[in-house]
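Here's the structure we're looking at; comments come further down.
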Amino acid sequence: MTNLIQWAVPLLFVLFLWWFSSGLIMMLYGRSQRTIRWGFGAATVLAILSIGGLMATRHSQDPFSVYLAFACGTVLWGWLIASYYLGFITGPIPSLSANDPKVQRWSQLRGWSRFFTALRTCLYHEVASLAVILLVAVLTWSYPNRWGLWTLLSLWIMHSSGKLNVFLGVRNFHVEFLPSDLRYLGALLVRRNINWLFPFSVLGASSVALYFFYQVLAAGPAAEDAIGFFLVGLMISLGVLEHWLLVLPLPVALWGWGVRTLPEPQTVEAEIS
Numbered sequence: 663m664t665n666l667i668q669w670a671v672p673l674l675f676v677l678f679l680w681w682f683s684s685g686l687i688m689m690l691y692g693r694s695q696r697t698i699r700w701g702f703g704a705a706t707v708l709a710i711l712s713i714g715g716l717m718a719t720r721h722s723q724d725p726f727s728v729y730l731a732f733a734c735g736t737v738l739w740g741w742l743i744a745s746y747y748l749g750f751i752t753g754p755i756p757s758l759s760a761n762d763p764k765v766q767r768w769s770q771l772r773g774w775s776r777f778f779t780a781l782r783t784c785l786y787h788e789v790a791s792l793a794v795i796l797l798v799a800v801l802t803w804s805y806p807n808r809w810g811l812w813t814l815l816s817l818w819i820m821h822s823s824g825k826l827n828v829f830l831g832v833r834n835f836h837v838e839f840l841p842s843d844l845r846y847l848g849a850l851l852v853r854r855n856i857n858w859l860f861p862f863s864v865l866g867a868s869s870v871a872l873y874f875f876y877q878v879l880a881a882g883p884a885a886e887d888a889i890g891f892f893l894v895g896l897m898i899s900l901g902v903l904e905h906w907l908l909v910l911p912l913p914v915a916l917w918g919w920g921v922r923t924l925p926e927p928q929t930v931e932a933e934i935s
């Protein structure tokens, strides 16, 4: 019974962070610009505090420090996600209307032309993500507690894999759940039941997660690294679940409690003005 509780706590902790943070960001979609700015401002304050949290916990691998480092890494990733989906850090291509002639021509692009056009819509965000990961690596690499770094890196890799799979074509991606300013990206997407990258993404991520869980079992629950391996392994497993949600016709509510039917872009613009 004690062992069950010992593993239930990190499981519930990861589920809460994953479900609550994604829903919180989605809740801001379609709100007024003032609300979005205040929300992102609050997220920025939390991100700065998370950097301080990583520096404060990097010397120790006691359970509290590992949990806090994991939470700080998750918050930093949440800030990066919010910066893109709320329109603060995107790419060289500005937000466009889905009816823009340039956007309508994108559906005719193929191969690398389509890929580089898609990359230009998020290039600044990718650079910002790498910069934050590098900063966390510099701050924690020489210290025993690097779980914030491994958390942030795992989330970035899983999200990048998810974006590539969506770009190559999946069955169950809903453009209408994107913020109105990003719905023009639908012109760059294709719909397929599955794509060639998906099996490699799922197999690779599942293998890493299983390796992490093996380290937990091999070391035992009392080992210093056990909690860290378990937390990051669970987060990677949730990333694998999100990949499956892209190809299986499952209820959309699983994406997060903040998902709702958003107003059309014209309605949003009228509300803001």
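When we follow the working numbering, the leftmost residue of the sequence shown carries the number 663, and every step to the right adds one.
All C-beta atoms in this analysis are idealised placements derived from N, C-alpha and C, irrespective of residue type, glycine included.
In chain order, what residues of the same chain lie with their CB nearer than 6 Å to the CB of glycine 715, ignoring the 5 residues before and after it? Leu730, Cys734
Closest by C-alpha distance to serine 684, when choosing among Val671, Ser804, His821: His821
Could you say if the stretch 666-676 and the stretch 889-900 meet the contact criterion of at least three C-beta pairs nearer than 8 Å? yes
For the alpha helix (DSSP H) holding glutamine 877, just list the boundary residues, first then last. 859-881
Closest Cα partner of leucine 711 within the set Leu738, Arg833, Ser775, Leu851: Leu738
Might you give, ordered along the chain, the residues of its own chain that have their beta carbon closer than 6 Å to the beta carbon of leucine 900, omitting 5 neighbours on each side? Trp680
Note down, in chain order, each residue of its chain lying with its Cβ closer than 6 Å to the Cβ of leucine 872, except the 5 sequence neighbours on either side. none
Let's test the definition: count the other Cβ atoms within 10 Å of the Cβ of tyrosine 876 and tell me whether it reaches 16, buried, or not, exposed. exposed
Under the assumption that glycine 749 contacts aspartate 843 (Cβ atoms under 8 Å), give the Cβ distance between them as a whole number of angstroms. 5 Å
Which residue's Cα is closest to the Cα of proline 911: Leu771, Ile856, Thr697? Ile856
Exposed or buried, what is serine 816 when buried is set at 16 or more other beta-carbons lying within 10 Å of its beta-carbon? buried
Which partner residues of valine 832 appear in the DSSP bridge assignment? Arg853
Boundaries of the alpha helix (DSSP H) in which phenylalanine 892 is found, first to last residue: 888-907
If you follow the alpha helix (DSSP H) that glutamine 766 is part of, which residue opens it and which one closes it? 763-768
Evaluate the contact criterion for the stretch 747-764 versus the stretch 836-854: three or more CB pairs, one atom per stretch, below 8 Å. yes
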